[in-house]
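Report on the following structure.
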Amino acid sequence: MKKVNIALNELLHQYNLSINQLHLLTGIRRATLSELANGKRQRIQLEHIEKIANVLEIDDINKIITLIEIDDESSTS
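According to this note's numbering, the sequence shown is numbered sequentially starting from -2.
Put into structure tokens, the structure is as follows:
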């Protein structure tokens, strides 16, 4: 089973930024960025992806969003 992964923690580390700094640069709420970084947000606005990409000068959306394989616990029983 696949799941969409927002690589925000990796980007913050790579660009040496905090959630607060990214909030100031993008205007995206701190709580929203924190939820994205912790995988607790079920929906993401394309506008947020665009703002992050513009601020970090990212041309490839795959650096922000990836598909990851997760264990399907229901098939293991």
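All C-beta atoms in this analysis are idealised placements derived from N, C-alpha and C, irrespective of residue type, glycine included.
Review point. Once you ignore the five residues that flank residue 73 on each side, which residues in its own chain have a CB closer than 6 Å to its CB?
Key: Taking the sequence shown and counting its residues from 1, one reaches residue 73 at position 76. Interpretation of residue 73 is limited by its pLDDT of 48, a score under 50 that renders its predicted location unreliable; the figure taken from the coordinates is listed afterwards. The answer is none, since no qualifying residue turns up.
Practice item. May I ask which residues mark the beginning and end of the beta strand (DSSP E) holding residue 9? Key: Stepping through the sequence shown from its first residue, residue 9 is reached at position 12. Not the beta strand (DSSP E): residue 9 falls in the alpha helix (DSSP H), residues 5 to 11.
Point to revise | C-beta contact flag for residue 5 and residue 33 at 8 Å | key: Looking up residue 5 in the sequence shown gives position 8. Looking up residue 33 in the sequence shown gives position 36. Taking 8 Å as the Cβ cut-off, residue 5 and residue 33 qualify as a contacting pair.
Practice item. Tell me whether residue 49 sits in a helix, a strand or coil according to DSSP, three-state version. Key: For the purposes of this step, residue 49 is identified with residue 52 of the sequence shown, where counting begins at 1. Under the three-state reduction of DSSP, residue 49 is assigned to helix.
Point to revise | Bridge partner(s) assigned by DSSP for residue 2 | key: As a working note, residue 2 is residue 5 in the sequence shown. Answer is 63, bridged to residue 2.
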